[in-house]
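Trainee: Residue numbering for the sequence shown follows our numbering, starting at -7 and increasing by one per position.
Glycine is no exception: its CB is placed at the ideal position from the N, C-alpha and C atoms.
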Amino acid sequence: MRVRARRLGTASGGRGVVVAMDDITDELQTERVLAWGEMGRQVAHEMKNPLTPIKLSIQHIRRARKDRRADFDDILVRMWMPFR
């Protein structure tokens, strides 16, 4: 609930107050939904970041295997070392 109040005065010396109340339930719900959506995007981004180098390493290993490279074993060892 949002409440706003304003004092009133008249030329003849009368006084009063105008109070306006707004139901902002829908606004708050929309803000919550947007916040959860943003958090979901950030979590997905953080999960994807470490997957990219892993994917590139797998592609490199597959290419080396397909090409029957003589240093294939060395490539496997180099790729495995960061995960030890």
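Going along the chain, which residues of its own chain have a beta-carbon closer than 7 Å to the beta-carbon of R60, five neighbours each way excluded?
Mentor: Excluding positions up to five away in sequence, the list is empty.
Trainee: Once the 5 residues before and after I67 are set aside, which same chain residues still bring their CB inside 8 Å of it?
Mentor: Same-chain partners within the cutoff: H52, I53, A56, R61.
Trainee: Would you mind giving the Cβ-Cβ distance between R(-6) and D18, rounded to the nearest angstrom? I have them listed as a contact below 8 Å.
Mentor: 12 Å between Cβ atoms; not a contact.
Trainee: Assuming contact is defined by CB atoms lying nearer than 8 Å, are V9 and R(-2) in contact in what I supplied?
Mentor: Taking 8 Å as the Cβ cut-off, V9 and R(-2) qualify as a contacting pair.
Trainee: So what's M(-7) in DSSP terms, helix, strand or just coil?
Mentor: In the structure shown, M(-7) sits in coil (DSSP, three-state: anything other than H, G, I, E or B).
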